Amino acid sequence: MSIDRIRAFSQAFGPPGFEDDVLALAQQHAPPGCITQRDSLLNFYLQQPPTQGLPTLMLDAHSDEVGLMVRAIKSDGSIVCTALGGWVASALVGQRMLVQTRTGERITGVIAAKPPHHGKEEPATIDQLVLDVGASAKDEVAALGIAPGCPVVPKSDFEQRGELLFGKAFDDRLGCAAVLDVLHALQGKALGVNLVGTLSSQEEMGLRGAKVSVNHVQPDVAICLEGAPADDTFGDPQLSQTALGRGPMLRLIDTSMITNPRFAALVLDIAAQHDIPVQQAIRTGGSTNGGVMHLANLGVPTVVLACPVRYAHSHNGIAHLQDYRHMVQLTVALVQALNAALIAGF
Numbered sequence: 195m196s197i198d199r200i201r202a203f204s205q206a207f208g209p210p211g212f213e214d215d216v217l218a219l220a221q222q223h224a225p226p227g228c229i230t231q232r233d234s235l236l237n238f239y240l241q242q243p244p245t246q247g248l249p250t251l252m253l254d255a256h257s258d259e260v261g262l263m264v265r266a267i268k269s270d271g272s273i274v275c276t277a278l279g280g281w282v283a284s285a286l287v288g289q290r291m292l293v294q295t296r297t298g299e300r301i302t303g304v305i306a307a308k309p310p311h312h313g314k315e316e317p318a319t320i321d322q323l324v325l326d327v328g329a330s331a332k333d334e335v336a337a338l339g340i341a342p343g344c345p346v347v348p349k350s351d352f353e354q355r356g357e358l359l360f361g362k363a364f365d366d367r368l369g370c371a372a373v374l375d376v377l378h379a380l381q382g383k384a385l386g387v388n389l390v391g392t393l394s395s396q397e398e399m400g401l402r403g404a405k406v407s408v409n410h411v412q413p414d415v416a417i418c419l420e421g422a423p424a425d426d427t428f429g430d431p432q433l434s435q436t437a438l439g440r441g442p443m444l445r446l447i448d449t450s451m452i453t454n455p456r457f458a459a460l461v462l463d464i465a466a467q468h469d470i471p472v473q474q475a476i477r478t479g480g481s482t483n484g485g486v487m488h489l490a491n492l493g494v495p496t497v498v499l500a501c502p503v504r505y506a507h508s509h510n511g512i513a514h515l516q517d518y519r520h521m522v523q524l525t526v527a528l529v530q531a532l533n534a535a536l537i538a539g540f
């Protein structure tokens, strides 16, 4: 496991449709001898030379992060944006953002926050917010190379304090780093499956990339690695199922998938054998690439394992390094346990 890998993926610029920097990192961190490929939707594939006759396991994470796209520029130089992914508008107010120009330069801006001196700030929607890059006229913004269609992401530093990680895009750059860590850990190992790592694009815009990547890989079984919203700092503590420092989350249901119960039981058995803590979660909202993957072909048994992330879909998430380690360890053990007979039993 490399903290530098996690840091690099967290800091990478990559809102939906603009995941190029994340793919470049994946290429840089790919295990030696790994066959890599990208497609027109910016899905990225990593595979060791396959063994004929073995079932295929797809190990997926999504490469995009929530962001914005420039929609229009007003005469006063303020910029109106549309959301790329799910935002709570209040999480954006007063925050710094990075706009990528048509030439690739990145310009810092701030989501405008009305000072209390000018009256009470009323709750706003994303469409009512404006991004200020310090300009005072429309042509000043144009001179910077900013135009409709330019992508925008949060500007936020990465920090480690002991076992705690602070930064942006942990949903799902923790999953991206974990895919690479698992591939490195299993390099050269004899497996009962052909393992294909995928970094699927545009998950935050409706699981779009996975609809293509799962058809490309044609897996017999799949594991989706995520950075899931933690629930331990709000709501009823007795209902918390994705708490920081208590191990990875095994998602049993969400709005797009009911997890195959036989596959889920295997995950829990493997975790118990290796003394890895696991949190079983019933999610009443949200979805993952597993929602697309488990419906592909004639059905693909799929589990979602996730590292809890406080304040996901904001500038500053908090994650626990031990949760990440346990997610990687559990995934490695699970991949090593899978074979044709077990998969047929799902």
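Going left to right, the sequence shown walks through residues 195 to 540 as this note's numbering numbers them. Where is the CB? At the ideal position from N, CA and C, for every residue including glycine. Small disclaimer: the values here were computed from a predicted structure and weren't measured.
Check	Outcome
Euclidean distance between Cα positions of leucine 393 and leucine 433	32 Å
Residue(s) in a DSSP beta bridge with valine 324	Val274
Proximity to aspartate 214 [Cα-Cα], best of Leu236, Ile197, Val387	Leu236
For proline 431 and aspartate 233, the rounded distance between their alpha carbons	43 Å
CA-to-CA distance, serine 284 to histidine 507, given in whole angstroms	12 Å
Euclidean distance between Cα positions of aspartate 198 and glycine 356	14 Å
Contact the region 342 to 353 vs the region 288 to 295: 3+ CB pairs below 8 Å	yes
Asparagine 144 (DSSP reduced to helix, strand or coil)	A query on residue 144 cannot be resolved here, the shown segment of the chain reaching from 195 to 540 and no further.
Any 3 or more C-beta pairs closer than 8 Å across the region 257 to 267 and the region 358 to 378	yes
Buried or exposed (CB count within 10 angstroms, at least 16 for buried), aspartate 425	buried
Minimum Cβ-Cβ distance from alanine 277 to chain B less than 8 Å	Included in the structure is just one protein chain, with no chain B present.
Three-state class that DSSP yields for cysteine 443 in the structure shown	In the sequence under discussion, the amino acid at residue 443 is methionine, which differs from the cysteine named in the question. Reduced to three states, the DSSP call for methionine 443 is strand.
Simplified DSSP assignment, three categories, for methionine 451	coil
CB contact flag (proline 495, valine 373, <8 Å)	no
Delimiting residues of the alpha helix (DSSP H) encompassing serine 204	197 to 205
Cβ contact (3+ pairs, closer than 8 Å) linking the region 472 to 489 and the region 527 to 540	no
Complete runs of the beta strand (DSSP E) confined to the region 466 to 524 [at least 3 residues]	473 to 476, 496 to 503, 511 to 514
Reference alanine 379, options Ala318, Ala224, Leu323, closest by Cα	Ala224
Test item: CB-CB of leucine 528 and isoleucine 417 under 8 Å	yes
Beta-bridge partners of aspartate 351, as assigned by DSSP	According to DSSP, which records beta bridges pairwise, aspartate 351 is partnered with nothing at all.
Alpha-carbon spacing of cysteine 370 relative to histidine 311, whole angstroms	44 Å
Nearest-angstrom beta carbon gap, leucine 359 and isoleucine 476 [assumed within contact, 8 Å]	26 Å between Cβ atoms; not a contact.
Per-residue DSSP class, three states only, for aspartate 254	strand
Limits of the unbroken alpha helix (DSSP H) element including arginine 265	Where arginine 265 is concerned, there is no enclosing alpha helix (DSSP H), although the beta strand (DSSP E) it sits in stretches over 261 to 267.
Whole-Å CB distance - leucine 338 paired with leucine 240, under 8 Å assumed	The pair is not a contact, with the Cβ atoms about 36 Å apart (cut-off 8 Å).
Proline 431 in three-state terms, based on DSSP	helix
Alpha-carbon spacing of isoleucine 452 relative to leucine 446, whole angstroms	6 Å
Nearest residue (CA-CA) to leucine 499, options Lys332, Gly328, Gly271, Glu420	Glu420
Residues sharing a beta bridge with glutamine 241, DSSP	Ile229, Val390
Same chain, Cβ closer than 6 Å to alanine 490, five either side skipped, listed in chain order	Val408
Per DSSP, the bridge partner or partners of cysteine 418	Asp254, Val498
Element boundaries [alpha helix (DSSP H), containing isoleucine 537]	534 to 539
For methionine 291, the residue or residues it bridges with in DSSP	Gly303, Pro348
N-terminal and C-terminal residue of the beta strand (DSSP E) that leucine 358 is part of	358 to 361
Unbroken alpha helix (DSSP H) run spanning leucine 368, endpoints	364 to 380
Which of helix, strand or coil DSSP assigns to proline 423	strand
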